[in-house]
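Presented below is the structure to which this report refers.
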Amino acid sequence: MTPKRWLYAVLVVFAVGEIAGPHLFPADHAHFWFEDIPAWGSIYGLVSCLLIIIVSKLLGKLWLTRPENYYDS
Amino acid sequence: MTPEWIHPGLVLIAGAWILPFCRGRAKRAVMILLPAAALVDCFLIQPGTYGVVRFLGQEVVFGRADRLSLVFSYVFALVALVGMVYSLHVNDDAQHVAALTYAGAALGAVFAGDFLSLFLFWELMALSAALLVLLRRRPAASAAGFRYVLVHVFAGLCLFAGIVLHFTQTGSLSFGNLSPYAGSAAFTLILVAFLVNAAVPPLGAWLPDAYPEATATSAVFLTAFTTKSAVYALIRGFAGAEILVWWGAAMAVYGVVYAVLENDARRLLAYHIISQVGYMVCGVGLGTELALNGATAHAFAHILYKALLFMGAGAVLQVTGLRKLSDMGGLYKTMPVTLALYMVGAFAISAVPLFSGFVTKSMVVSAAGESHRPAIYLLLTLASSGTFLHTGLKLPYYMFFGKDRGLRAQEPPRNMLVAMGLAAVACVVIGVAPMVLYSQLPFRVDYIPYTVRHVTATLGLLGFTALGFFLLLEQLDPEPVVSLDTDWFYRRGGAAIQKFTQGALARLEGSVSRVSDVVMQRFVLDIGAQLGNIDLRGVDAIMEGVGRVTEEVSRDLTLTSTGHVQRYALVMAAGILAGVALAVFAW
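Residue numbers (the working numbering), protein chains in the order written: chain A, 1 to 73; chain B, 1 to 587.
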């Protein structure tokens, strides 16, 4: 199996585990309603990661980055 | 000072001066024994009040030992030991003395029971840390070290002015919870001083500016003490201050955003210090027992895994001389042990189950949940994803895997690997057996980190962060750029003022530096001549040590006179502030 397929396989296991886990062992409660959305952690992880990269890169391009010797001149 | 109390900070600060007089194996033994003795000393201290001295009609308390100060002292002494093991191969007494003084001052600040002794150790910490940066002995490092001094002189003055105002209002110098005085000028000034040291934006740009300029070994010490002693001081003085909840959460995200743009490996890690301290600041603001326990526990775990991460990046710097991710790649073949140890730190900071961050960070996040703050909860969780994205994926990918650039590298010296191993063991022990740490926290812990929901949600979050990383991998290629932070104001903003004042100030500066040249030369030459005389009389072993230190200090002092007008102008501004503080005091 290629590394890519391994990653996908692991992700499927994680997502299924997250959906099924709280139903199999319903001991602990959620703080907020959105934590009860199936696979909440997985969805929020992916959204967070994409948001962070895209927003930060945009901020960098439009405003924050300068050539490396900016402070030397 | 009673016999049952020996100040662990004093052990390090005074003991450090043994080093210049030892050589070879004896020196390495002292380097290990000093922090080890301080650690044992901390473990032996029973809760209580020690070292009470009367000074100017005030009680100065050097030894307030309670559960909060003790748990911080354990980790400070422990990381000092790890850092010294990591530095064993370095043959530079000045660095070792500065590092031990820095660690000792941090211990002093943690045990300080009143504002006077806190201020004393606060300033000693700032000076010794600046020295650690300067001792890289490169122009870039001395410039960064100088900026470090300026920022921390400012913070020190704020603290001093706050203390003076607090004293005039209350007649007391004891350092406890300041919330009854919320809104007063003293409260604000002391809070600002603590926030500067905690590197809270917009006051925190000094951290990613200075730490990456230090040597591979000095940076390990720097990551541990200044920000975390500030977290300690915040817990002590500002628990439950609402403003810190939002500031801390924003700080956690801010560090992550800057880490995306960063190309310098240790600067990236420095921005993640800011991000992680954000969790602690947020916990302090939430102020519940769970949140304060979380802030304390996370500071404990953070010191160890962040030291480990900086040791990993420092090891790569040591053997390749490279600091930029865009120059690295393919190092996993030649540095597998370094990679494995680095990944333990990366898993710990990313809060992977069975590693330390998982059991500490989640206390703060859960505290946000229990306080019914969904926005804070979501921000902190988003920052967790960003932490794994950078420290767990981006940095190791570009450093150890990525494009193989055919770098010739090997594992670093054995003592560096041993030090990394020690920190790695600590990260795993805390993660696997959290009660080891929980039982030392200031409040009783009912929190259970390993629940099915928590573990599965964390694995999902981290796993799908990895998916996002690989989807957008091309966007993340490090670029050779610097990103603007608030240090712009004193790095470039000064240039604008300079244009107007150049003439007069430049003349003044010229004459001042001529005078200082003459004085310095005479001074150093005089001491050198005297040392020669005494040396001739046969006390050469001891005096050789003194001579070495003097020579190093004078060399480093010459590095600090950079000749940049705006820096001198800032010193003058600091002086004016000092005058104002004194005037307030007299009044």
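From the three backbone atoms N, C-alpha and C, an ideal C-beta is built for every residue, glycine too.
Nothing here was measured: the structure is a model prediction, and the numbers come from that model.
Asked                                                                                                            : Found
Neighbour flag for ARG66/A against chain B, beta carbons, 8 Å                                                    : yes
Nearest-angstrom beta carbon gap, ILE349/B and HIS272/B [assumed within contact, 8 Å]                            : 7 Å
Members of the region 369-381 of chain B near chain A, C-beta cut-off 9 Å                                        : GLY369, GLU370, HIS372, PRO374, TYR377, LEU378, THR381
Option in LYS306/B, THR360/B, GLY183/B with minimal Cα separation from ALA346/B                                  : LYS306/B
Among ALA291/B, LEU395/B, PHE167/B, nearest to ARG267/B - alpha-carbon criterion                                 : LEU395/B
LEU389/B vs TYR342/B beta-carbon contact at 8 Å                                                                  : no
Span separating the alpha-carbon of MET1/B from that of GLY386/B                                                 : Because MET1/B carries a pLDDT of 48, less than 50, the predicted location of this residue cannot be relied on, and the following value inherits that uncertainty. For MET1/B and GLY386/B, the distance between alpha carbons rounds to 48 Å.
Identity of the residues DSSP links to LYS324/B by a beta bridge                                                 : ASP264/B
Length of the line joining the Cα atoms of ALA26/B and ILE18/B                                                   : 10 Å
Spatially closest choice to ALA193/B from VAL257/B, ARG136/B, PHE119/B, by CA coordinates                        : PHE119/B
Rounded separation between SER326/B and ALA250/B - CA only                                                       : 29 Å
Cβ pair count under 8 Å reaching 3, the region 62-78 of chain B against the region 132-140 of chain B            : no
Closest by C-alpha distance to VAL149/B, when choosing among GLU4/B, GLU544/B, THR226/B                          : THR226/B
Cα-Cα separation, TYR447/B to THR223/B                                                                           : 28 Å
Close Cβ partners of LEU39/B (< 7 Å) along its chain, the five nearest in sequence each way excluded             : ALA77, LEU78, LEU81
Members of the region 35-51 of chain A that neighbour chain E once the beta carbon cut-off is set at 9 Å         : In summary, chain E is missing from the structure at hand, where the protein chains are A and B.
Residue range of the unbroken alpha helix (DSSP H) whose run includes GLY345/B                                   : 336-349
Best match in TYR44/A, ALA30/A, PRO3/A for proximity to LEU459/B [C-alpha to C-alpha]                            : TYR44/A
Residue from PHE115/B, ALA295/B, TYR438/B whose Cα sits closest to the Cα of LYS361/B                            : ALA295/B
ALA199/B at chain A interface by Cβ criterion, 8 Å                                                               : no
Where GLN58/B falls: helix, strand or coil (DSSP)                                                                : strand
Proximal residues to HIS166/B (C-beta, below 6 Å), its chain only, five neighbours per side dropped              : ALA186
Under 7 Å by beta carbon: chain B residues contacting ALA15/A                                                    : GLY460
From CYS282/B, GLU262/B, SER87/B, residue whose alpha carbon lies closest to that of LEU380/B                    : CYS282/B
C-beta contact flag for PRO20/B and VAL549/B at 8 Å                                                              : yes
Alpha-carbon spacing of GLY510/B relative to SER356/B, whole angstroms                                           : 54 Å
Beta-carbon proximity check, LEU34/B vs LEU100/B, cutoff 8 Å                                                     : yes
Neighbour flag for ALA30/A against chain B, beta carbons, 8 Å                                                    : yes
Contained beta strand (DSSP E) runs [length at least 3] in the region 215-252 of chain B, N- to C-terminal order : none
Endpoints, beta strand (DSSP E) assigned at PRO67/A                                                              : 65-67
CB contact check: LEU11/A to chain B, cutoff 8 Å                                                                 : yes
At least 3 beta-carbon pairs within less than 8 Å: the region 108-118 of chain B vs the region 53-63 of chain B  : yes
Below-8 Å beta-carbon distance, PHE464/B vs any chain A residue                                                  : yes
Residues that VAL591/B bridges to, as DSSP identifies them                                                       : Since the displayed chain B opens at 1 and closes at 587, residue 591/B lies outside it and no answer follows.
PRO412/B at chain A interface by Cβ criterion, 8 Å                                                               : no
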